[in-house]
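Numbering (my numbering), first residue to last: 84 to 333.
Shown next as structure tokens:
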């Protein structure tokens, strides 16, 4: 009988303890959900704010013309997104928009100078957060060239930025031709070791399209550089010479 009484007395305490545990668990789950929501909110708003810029960036990637007004709206959208959540992607996109704004205006004007400076500053911030970005390094090289020309390319960092781009992604098709274009433009001011680092890209370009390489070589007056890089590759050199001589024949 005593055993039965004790059991009856202890049952409410056990039930109360179980309810406390269930309540605590519910509160913990609710708290975790709130924390996750709060963590996700900046991502959500950052993505929402940048929506007007996405179409403009897509048009630039396709080589389509974009009006100054739309570039300005894209810049404002990305700046709102950046204020909510700083990301290297947003900084990269802002650098791209600012560079395009400068290129569409008079490069010698005050607004264009300010856009170039803003683009360079944002690109450096993006690369500080995510240095493995070949496109970003190449854009930084472009900005340095626009600011200080080919003659000052070593001091301005244009050459160093190009080499960083090449180191991160030396043979990526989407970048190879742009990197090679910059390399041939900068060839007169490159040091011998820097030229050796870039020669494999000339060979890779020849293997992909001798016609395209010959066209780029003609534009950049870089036949000597290209022939030197292709010299160990008889078939590639012969094909290049045939196309190049055909183009320049009187």
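Cβ atoms here follow ideal geometry from the backbone N, Cα and C, with glycine treated the same way. Source: prediction; values computed, not measured.
Nearest candidate by alpha-carbon position, reference residue i, set the options
{"i": "residue 256", "options": "234, 282, 291", "result": "291"}
{"i": "residue 251", "options": "273, 272, 213", "result": "213"}
{"i": "residue 300", "options": "136, 253, 326", "result": "326"}
{"i": "residue 305", "options": "331, 163, 315", "result": "331"}
{"i": "residue 335", "options": "156, 186, 160", "result": "Coverage of the chain is limited to positions 84 through 333, which leaves residue 335 absent and any answer about it impossible."}
{"i": "residue 156", "options": "180, 191, 207, 235", "result": "180"}
{"i": "residue 233", "options": "143, 298, 311, 271", "result": "271"}
{"i": "residue 207", "options": "193, 191, 247", "result": "247"}
{"i": "residue 161", "options": "129, 238, 260", "result": "129"}
{"i": "residue 259", "options": "184, 238, 282, 311", "result": "282"}
Proximity of residue i and residue j at Cβ, strictly below 8 Å
{"i": "residue 278", "j": "residue 262", "result": "no"}
{"i": "residue 313", "j": "residue 286", "result": "yes"}
{"i": "residue 242", "j": "residue 280", "result": "no"}
{"i": "residue 171", "j": "residue 132", "result": "no"}
{"i": "residue 226", "j": "residue 269", "result": "no"}
{"i": "residue 153", "j": "residue 139", "result": "yes"}
{"i": "residue 334", "j": "residue 220", "result": "Lying outside 84 to 333, the shown extent of the chain, residue 334 is not represented and no answer is given."}
{"i": "residue 189", "j": "residue 197", "result": "no"}
{"i": "residue 228", "j": "residue 210", "result": "no"}
For residue j and residue i, the rounded distance between their alpha carbons
{"i": "residue 264", "j": "residue 230", "result": "18 Å"}
{"i": "residue 204", "j": "residue 178", "result": "8 Å"}
{"i": "residue 307", "j": "residue 136", "result": "43 Å"}
{"i": "residue 316", "j": "residue 174", "result": "42 Å"}
{"i": "residue 284", "j": "residue 296", "result": "11 Å"}
{"i": "residue 158", "j": "residue 323", "result": "43 Å"}
{"i": "residue 148", "j": "residue 216", "result": "25 Å"}
{"i": "residue 318", "j": "residue 289", "result": "10 Å"}
{"i": "residue 145", "j": "residue 176", "result": "15 Å"}
{"i": "residue 320", "j": "residue 303", "result": "18 Å"}
{"i": "residue 218", "j": "residue 276", "result": "23 Å"}
{"i": "residue 329", "j": "residue 293", "result": "13 Å"}
{"i": "residue 143", "j": "residue 202", "result": "16 Å"}
{"i": "residue 309", "j": "residue 298", "result": "12 Å"}
{"i": "residue 150", "j": "residue 141", "result": "14 Å"}
{"i": "residue 169", "j": "residue 238", "result": "30 Å"}
{"i": "residue 193", "j": "residue 240", "result": "22 Å"}
{"i": "residue 311", "j": "residue 253", "result": "19 Å"}
{"i": "residue 184", "j": "residue 134", "result": "19 Å"}
Heavy atom of the ligand FAD within 7 Å of residue i beta-carbon
{"i": "residue 323", "result": "Because no ligand of any kind appears in the structure shown, any question about the ligand FAD cannot be addressed here."}
message = Please give the ranges of any alpha helix (DSSP H) in the segment 185-271, keeping only runs that are unbroken, at least 4 residues long and fully inside the region.
response = Qualifying alpha helix (DSSP H) stretches, in chain order: 193-212, 217-231, 236-239, 241-251, 256-269.
request  = For the segment 269-314, list the alpha helix (DSSP H) runs that are entirely contained and at least 4 residues long, ordered along the chain.
outcome  = 275-291, 293-303, 306-313
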